[in-house]
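Here the structure is laid out as structure tokens; the discussion comes afterwards.
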Amino acid sequence: MEPFFQTKKLSVGYGGIPLIQDINIKLDKGKILTLIGPNGSGKSTILKTITKHLKNICGTVLIDRHSIDGMGSRELSRLVSVVFTERLKTERMTCEDVVATGRYPYTGLLGILSQEDHAQIQNAMELVHAWDLRDKDYTAISDGQRQRVLLARAICQEPQVIILDEPTSFLDIRYKLELLHLLRKMTKEKNITVIMSLHELDLAQKASDFVMCVKGESVTHFGPPNEIFTKAFIENLYQLSNGSYNPLYGSFEMERPKGDPKVFVIAGAGSGIPQYRILQKKGIPFMTGILHQNDIDYPAACDLASEVFSEKAFCPICDETYAEAEKQLSSCQTVIDCIGTYGSLNMKNFDLAQKAKKLGLKIVETAENL
Amino acid sequence: MIVFIIFLSLFFIFVLLNIMIGSVMIQPKEIFQLLLGHGGNETSYGILWKVRFPRMIAAVLLGGALSLSGFLLQTFFNNPIAGPFVLGISSGAKLAVAFIMVLTLSRSQAVHSIVLVMAAFIGAMGSMGFVLLMSQIVRQSSMLIVSGVMIGYICSAITDFIVTFADDASIVNLHNWSLGSFSGTAWADIQVIAVVVITASVLVFLLSKPIGAYQLGESYAQNMGVNIKAFRILIVILSSLLSACVTAFAGPISFVGIAVPHLVKSFLKTAKPLIVIPMCFLGGAIFCLGCDLAARTIFAPVELSISSVTALIGAPVVIGILLKKKGHG
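As they're listed, the protein sequences go chains A and B.
Under our numbering, the residues of the first sequence are numbered 3 to 372, in order.
Under our numbering, the residues of the second sequence are numbered 69 to 397, in order.
This is how it looks when you write it as structure tokens:
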């Protein structure tokens with residue numbers, strides 16, 4: 003079956019000069035595609051070409067097997083609606099007035115709204131929980147509410163495809179999550195296809211069915227999130243030389259402190275992460291262990307510590323690992339013992355703390371006062 | 069709805085007052101008798117028919133035209149203090165009309181009012197073109213106003229040159245006109261005014277829908293299916309035509325284009341073009357009737373220029389808009 007939304011060898015750019023070439027998107031109905039990539043990589047340029055705000059340089063955009071080149075503006079407006087990233091300036095418009103503009107392609111010569119138009123407006127506003135805002139002036143509501151109103155506007159245009167350019171900018175995390183939840187709900191309930199750009203990789207990973215990476219002259223990758231969100235790939239896409247990316251949580255760590263480690267952190271079960279971050283902020287290099295490879299501290303330790311002593315998941319700490327850790331411990335001056343509790347699998351960490359005492363190292367519970 | 073009734077009653081009251089009041093008072097009863105053709109006083113009939121009626125109709129149509137032109141420009145430039153006078157469009161039209169007048173008066177030819185409107189339109193488009201060019205280069209809205217005011221000064225200065233070097237006979241005529249006045253409008257002029265203003269205003273009203281879409285900005289309007297290029301050209305032509313028509317017959321009249329749409333929107337508490345456009349026209353008519361009445365009567369028999377009255381009322385409104393804008397951050 004032909005995909006619902008398709009671009010074939012699409013080239014986009016300004017003034018006839020191609021910026022990104024050979025874009026091939028295939029997207030089924032009701033799916034969410036997210037464009038990610040560094041600032042200025044051309045995400046907006048692609049979106050603007052799909053909405054015909056920019057002329058395509060070559061190639062085609064097909065919606066439901068019809069090229070948008072051959073469509074009139076009215077026909078296209080019934081298929082594709084947009085939410086732009088620029089803040090909207092309005093004058094004396096209530097939220098309902100703003101949403102009502104979405105009915106434009108369906109009203110007559112003077113744009114008088116019919117009963118059905120009013121029903122659609124109410125539906126759209128209820129879907130995004132903005133119906134209570136209907137009589138409020140658009141300029142008098144919060145950024146999160148505005149974004150919901152604009153989404154309602156886009157929905158009541160009854161499109162098949164909604165394009166959103168960085169819809170989560172200006173929003174705090176609560177509204178970001180809420181907006182993405184609404185988009186998912188919309189795709190599910192109305193079978194609308196969503197194409198958007200996002201800056202937040204963690205959210206892109208969690209909210210999208212497909213992800214497209216845009217960088218430089220071409221689309222570097224297109225695929226489902228679990229193929230795209232790998233450590234090496236993201237770090238390369240954004241040229242992360244001063245930080246690192248954790249694909250499981252979709253989170254980032256700052257740059258690892260440089261130098262010879264003089265601090266040993268005995269950690270596990272999440273007790274280590276706060277300490278690692280304090281040390282990172284203070285620029286103190288450190289080693290840490292002994293962590294099981296399934297320990298929650300382990301990914302952050304790998305990103306931040308100069309050296310990590312680890313054991314295979316679910317196994318008691320073996321003698322070789324312990325011996326290695328003990329050897330390195332003696333080269334340190336300070337030990338941060340934050341682990342708190344010991345169990346049968348990590349009893350060796352207790353031994354490590356005792357060893358530190360014997361060696362006469364400075365032992366503290368937190369890196370705060372180092 | 070209440071606002072509409074108030075506007076309508078104000079309109080009729082001012083229409084009546086403008087016909088009644090003058091150097092000779094004519095009672096409403098007499099007006100009705102004259103209108104119905106039941107004899108009445110011969111002089112009153114002359115005053116009414118040859119002076120007050122044309123002048124009143126001119127104030128109504130030209131006032132409405134100015135106000136609509138202002139509304140269009142504010143929407144077009146997304147700037148609440150844009151208007152035909154501040155953007156130099158009136159002055160451009162004034163220059164072109166002065167030029168034609170001097171040219172023809174010196175040869176003591178009569179100019180047809182259509183020629184004047186055409187000249188004014190060309191002048192208005194000239195200024196509009198300059199302002200559009202500036203708006204492409206500098207995207208700041210305050211710079212747009214400054215460039216408009218500057219072109220206004222340049223056009224006024226050139227107009228002054230032309231007037232200075234014109235024949236003595238034409239100066240009196242030109243001087244009155246260049247200050248702005250509804251006086252001396254003939255029925256022949258009214259015909260031209262009515263055709264131009266009513267056609268343009270109906271077209272503007274028919275554009276309510278895309279104007280409403282355009283209020284959200286160009287990008288959204290395009291997404292809603294508005295043909296942006298055609299729409300922009302139409303708005304430029306219509307707003308220039310409306311203000312050109314005013315300038316051709318009544319000279320440059322300041323601040324009506326800014327003050328009236330603003331007041332109308334704040335009375336109506338909405339900016340929906342479908343309601344605002346007719347009300348702007350009505351509001352502009354009321355405003356100009358009132359100002360013309362004031363200009364004629366306050367220091368009678370001396371007549372003030374209409375612009376000095378409109379500026380006195382209109383300029384504080386502009387200051388009010390600026391203060392309000394500041395308050396919103």
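Note that beta-carbon positions come from the ideal geometry of N, C-alpha and C, so glycine has one too.
For residue i, would you say it is in contact with chain A, using Cβ-to-Cβ distances shorter than 9 Å as the test?
i         : result
Tyr288(B) : yes
Thr338(B) : yes
Ala164(B) : no
Ala281(B) : yes
Pro148(B) : yes
Gly131(B) : no
Gly293(B) : yes
Leu302(B) : no
Lys333(B) : yes
Leu342(B) : yes
Please report the distance separating the alpha-carbon of residue i from that of residue j.
i         : j         : result
Ser144(A) : Asp99(A)  : 17 Å
Ile296(B) : Phe145(B) : 14 Å
Thr343(A) : Gln356(A) : 14 Å
Ser116(A) : Leu336(B) : 22 Å
Thr378(B) : Ala225(B) : 22 Å
Leu155(B) : Asp71(A)  : 38 Å
Met73(A)  : Gln162(A) : 15 Å
Val370(B) : Arg364(B) : 7 Å
Thr195(A) : Tyr251(A) : 26 Å
Leu134(B) : Ile87(B)  : 22 Å
Phe6(A)   : Ser69(A)  : 12 Å
Ile354(B) : Cys223(B) : 29 Å
Ile374(A) : Pro259(A) : Beyond the ends of chain A as shown, which are 3 and 372, falls residue 374(A); an answer cannot be given.
Ser246(B) : Ala161(B) : 11 Å
Lys359(A) : Lys233(A) : 38 Å
What residues from chain C crowd round residue i, counting only those whose CB sits closer than 7 Å?
i        : result
Leu90(A) : Of the protein chains in this structure, namely A and B, none is chain C.
Give a yes or no on whether the minimum CB-CB distance between residue i and chain B is below 9 Å.
i         : result
Asp71(A)  : no
Phe86(A)  : yes
Ile123(A) : no
Tyr344(A) : no
Met256(A) : no
Gly74(A)  : yes
Pro107(A) : yes
Arg136(A) : no
At a cut-off of 8 Å, is residue i close to the ligand NAD when judged by its beta-carbon and the heavy atoms of the ligand?
i         : result
Ala187(B) : Among the ligands in the structure shown, none appear at all, so the ligand NAD cannot be discussed.
Where does residue i fall in DSSP's three states?
i         : result
Glu431(A) : Not covered by the structure: residue 431(A). The range shown for chain A is 3 to 372.
Glu322(A) : helix
Phe144(B) : helix
Glu168(A) : coil
Gln149(A) : helix
Lys57(A)  : coil
Lys91(A)  : coil
Glu313(A) : strand
Asp339(A) : strand
Lys11(A)  : strand
Phe250(B) : coil
Ile38(A)  : strand
Val366(A) : strand
Met292(B) : coil
Ser220(A) : strand
If I follow the unbroken beta strand (DSSP E) through residue i, where does it start and stop?
i         : result
Asp24(A)  : Ile19 to Leu29
Thr62(A)  : Cys60 to Ile65
Cys348(B) : Note, Cys348(B): premise wrong, no beta strand (DSSP E); alpha helix (DSSP H) at Pro341 to Thr365.
Ser199(A) : Thr195 to Ser199
Gly291(A) : Phe288 to His294
Leu217(A) : Here residue 217(A) is Lys; the residue named in the question, Leu, does not match the sequence. Taken as a continuous stretch (DSSP letters only), the beta strand (DSSP E) holding Lys217(A) covers Phe212 to Lys217.
Going by DSSP, what residue range makes up the alpha helix (DSSP H) through residue i?
i         : result
His183(A) : Ile175 to Lys192
Lys264(A) : Taken as a continuous stretch (DSSP letters only), Lys264(A) belongs to no alpha helix (DSSP H), as it is neither H nor E.
Leu302(B) : Ile296 to Ala318
His131(A) : Segment: none, His131(A) is in no alpha helix (DSSP H) and carries neither H nor E.
Val185(B) : Ser181 to Ile205
Met88(B)  : Ile70 to Met88
Ile439(B) : Residue 439(B) lies beyond the stretch modelled for chain B, which goes from 69 to 397, so this question has no answer here.
Phe352(A) : Met349 to Leu361
### Message
Would the region 320-328 of chain B count as touching the region 206-219 of chain B if we require 3 or more Cβ pairs under 8 Å?
### Response
No contact exists between the region 320-328 of chain B and the region 206-219 of chain B.
### Task
Please confirm if the region 237-246 of chain A is in contact with the region 53-66 of chain A, defined as three or more CB-CB distances below 8 Å between the two stretches.
Because the criterion of three Cβ pairs below 8 Å is not met, the region 237-246 of chain A and the region 53-66 of chain A do not touch.
### Message
I want to know whether the region 109-123 of chain B touches the region 306-317 of chain B - three or more CB-CB distances under 8 Å.
### Response
Counting Cβ pairs under 8 Å, fewer than three are found: no touch.
### Query
For the region 103-115 of chain A against the region 45-57 of chain A, are there 3 or more C-beta pairs whose distance is under 8 Å?
The region 103-115 of chain A, when compared against the region 45-57 of chain A, does not touch it at the 8 Å Cβ threshold.
### Query
Are the region 94-105 of chain B and the region 326-338 of chain A touching, with three or more C-beta to C-beta distances below 8 Å?
Touching, no, given that fewer than three Cβ pairs across the two stretches are closer than 8 Å.
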